[in-house]
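Here the protein sequences come in this chain order: A and B. Oh and the first sequence: position 113 is 113 in the UniProt record's numbering, straight run, nothing missing. Oh and the second sequence: position 287 is 287 in the UniProt record's numbering, straight run, nothing missing.
Protein chains: 2
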Amino acid sequence: MSHVENGWFHEIHNYMDLGISLAVEIEEVLFQGKSDYQDIQVFRSKKFGNMLVLDGLIQCTEWDEFAYQEMIANLPLYSHPNPKKVLVIGGGDGGVLREVAKHPMVKQIVLCELDEKVIEVSKQFLPKMALGFSHPKVTVCIEEGTKYMQQTEDRFDIIINDCTDPVGPGLGLYSREFYENIHKVLNPGGILCSQGESQWFDHLLLKDIITFAKELFPRVAYAYAPMPTYLGGQIGFILCSKNQETKFSEPVRFLSDKDLEVFGMKYYNSEIHKSAFCLPQFSKHRLGL
Amino acid sequence: MSHVENGWFHEIHNYMDLGISLAVEIEEVLFQGKSDYQDIQVFRSKKFGNMLVLDGLIQCTEWDEFAYQEMIANLPLYSHPNPKKVLVIGGGDGGVLREVAKHPMVKQIVLCELDEKVIEVSKQFLPKMALGFSHPKVTVCIEEGTKYMQQTEDRFDIIINDCTDPVGPGLGLYSREFYENIHKVLNPGGILCSQGESQWFDHLLLKDIITFAKELFPRVAYAYAPMPTYLGGQIGFILCSKNQETKFSEPVRFLSDKDLEVFGMKYYNSEIHKSAFCLPQFSKHRLGL
């Protein structure tokens, strides 16, 4: 499980033969353990603050987590005219909660996380992310995302699927059945934003998801953001709306410099929102967008 | 020099204590040698085609080079109303030449490369990039970029500084003196586009360059593009124009889908051009842009 050698943590992508790998210099192993679902490690890295690793894959570092969390939260929130109820699937580190809770329009947030141990560890070692859990709007439900979606009678305006890679506990969150349940659980006009891997490495998986998502939702788009501590330096987002009028690349509310300061934005702004949906030629062809 | 272990090439950033490193799986060492200026290696990688490495740092892989080459060439070319003469500094692999030579407006291209050995090796092992050298518009000058700029009486509409990192032979290409010489060698209305490292790792260097560039040029901007096989997955570009009217984020000529096909664009399109200049909040603050 450890993959640590001479003070460096080496990420190992067992589920894909990628031919490229990241290593991060560490100063201390803060936590190493096994939950019922996965291996959990936390390192104090030399340059990037504390770093959470699940099943050998980097989930977040304190240094660049803001780019991912701000984008996966704000792309759907600023594409919806009036988001009141938000469901977060996964997201046990609390970073997405922290960003969603900033929105005055949002009145209620449910987090559905499979692995309670990830929440515990994050509260201890990633306090700047886990502060999301302390917000009074937040309710936590310890449950598998796919099961929750089948059973819940609750309905939401936004669902954020902050899932791990399509292996182990994350696998079910990439299926057509899961997207059908998301469609059912979203209010009219509701929006899904799902972690969407890499347009460089995972385009076959993405093309499949986008194809079946288009059969379920009138609007489907793909966006991306840089993340230097993820392999390839980029993470994508799949966005689906039940509202025919949604134009994902045109945020419905613009943020002034003052607003950005109030919200403490380090990555997101309204121009970044628009530009995140501009796809390179190769990706347009590959994803059929 | 080799940094190869168990079939993986490990990039080592001797000049910076980055705390993060990339490794690429290789199948064969195609070339390993030393020129008068630097160590040169070419590997056949498992997933990314042939890969050029100078002084232990990845310069390009056949798999993703198009993103970098198309952007460093087309951002300035599509920001200039009538680019006829182009100077490329560095770029010994020929990829930038290949992209610049596609432009019917461009009548003459000079490439100034210090290290003839890089050109030789690229012609042998990176033929899809090196085909840029075979274009009749191209003249090659084997000379240090800084010296060429001091001495030349030629004048250009576009200068593309396709330099290595700020260490060893590349160091002089990041100085104020070099930018003063670029200003002198550019025609009225001329535009520089320089390889601009990473807004995540190199912001102190970038802030310095942008500050002195603003004293020399009425328009200065920063853009970026993803490059999965560069550390952090992103490479930047510093753009400077002598023309007060230049708005870098608004290309002066738009490309239709048909144009993009004719030019064989795999990365660049007019929306990508615009979006490349949208900076995240942290970067606006750090770079003063």
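In this text, a Cβ means the ideal position worked out from N, Cα and C, and glycines have one as well.
Element boundaries [alpha helix (DSSP H), containing residue i]
i: A130/A; result: P127 to A130
i: K274/A; result: S270 to S275
i: V252/B; result: Counting along the chain, V252/B falls outside any alpha helix (DSSP H), and DSSP gives it neither H nor E.
i: Q281/B; result: Q281 to L287
i: D17/A; result: D17/A -> no alpha helix (DSSP H), and no H or E assigned at all.
i: G95/B; result: G95 to A101
i: E245/B; result: Note, E245/B: premise wrong, no alpha helix (DSSP H); not H, not E.
i: L260/A; result: D257 to V262
Counted within 10 angstroms of its Cβ, other Cβ atoms place residue i as buried (16 or more) or exposed
i: H285/B; result: exposed
i: E261/A; result: exposed
i: D257/A; result: exposed
i: L204/B; result: exposed
i: E113/B; result: buried
i: N6/B; result: exposed
i: E11/B; result: buried
i: Q244/B; result: exposed
i: D156/A; result: It is Phe, not Asp, that sits at residue 156/A in the sequence shown. With 16 or more Cβ atoms within 10 Å of its Cβ, F156/A is classed as buried.
i: S134/A; result: exposed
i: P228/A; result: buried
i: M105/A; result: exposed
i: M16/A; result: exposed
i: E271/B; result: buried
i: F178/B; result: buried
i: V96/A; result: buried
i: Q99/B; result: For clarity, residue 99/B is Glu in the given sequence; the question names Gln instead. Result: buried.
i: P136/B; result: exposed
i: V138/A; result: buried
i: M1/A; result: At M1/A, the pLDDT of 45 sits below 50, so the modelled position is not reliable; the number obtained from the coordinates is stated separately. It is exposed - the Cβ of M1/A has fewer than 16 other Cβ atoms within 10 Å.
i: F181/B; result: Residue identity check: residue 181/B is Asn in the sequence provided, not Phe. N181/B comes out buried.
i: E70/B; result: buried
i: T164/B; result: buried
i: V29/B; result: exposed
i: G145/B; result: buried
i: Q151/B; result: exposed
i: D208/A; result: exposed
i: T246/A; result: buried
Beta-bridge partners of residue i, as assigned by DSSP
i: W8/A; result: E5/A and E25/A
i: R44/B; result: E28/B and N50/B
i: V121/A; result: Paired residues: none, contrary to the question.
i: K34/B; result: D39/B
i: Q151/A; result: According to DSSP, Q151/A bridges with nothing at all.
i: C240/B; result: L192/B and V220/B
i: T61/B; result: M51/B
i: K85/A; result: Q108/A
i: P169/A; result: Looking at the DSSP assignment, P169/A forms no beta bridge with any residue, so it has no partner.
i: G90/A; result: D162/A
i: E113/A; result: I142/A
i: P226/A; result: Q234/A
Unbroken beta strand (DSSP E) run spanning residue i, endpoints
i: Q195/A; result: L186 to Q195
i: G233/B; result: Taken as a continuous stretch (DSSP letters only), G233/B belongs to no beta strand (DSSP E), as it is neither H nor E.
i: N161/B; result: F156 to D162
i: V138/B; result: V138 to I142
Next item on the list: Pair every Cβ in the segment 265-284 of chain B with every Cβ in the segment 269-283 of chain A, then say whether three or more of these pairs are closer than 8 Å.
Entry: yes
Check: Looking at C-beta atoms only, is the number of pairs between the segment 156-167 of chain A and the segment 182-190 of chain A that lie closer than 8 Å three or more?
Finding: yes
Note to self: Between the segment 231-245 of chain B and the segment 19-33 of chain B, can you find at least three pairs of beta-carbon atoms closer than 8 Å?
What the structure shows: yes
Notebook entry, point to check: Touching or not, the segment 235-242 of chain B and the segment 198-216 of chain B, by the rule of three or more beta carbon pairs under 8 Å?
Noted result: yes
Margin query: Across the segment 67-83 of chain B and the segment 248-257 of chain B, are there enough close Cβ pairs to call them in contact, namely three or more that are closer than 8 Å?
Written below: yes
Check: For the 8 Å Cβ check, are there 3 or more pairs between the segment 157-172 of chain B and the segment 121-130 of chain B?
Finding: no
Item checked: Three or more C-beta pairs below 8 Å linking the segment 54-63 of chain A and the segment 25-45 of chain A -> yes
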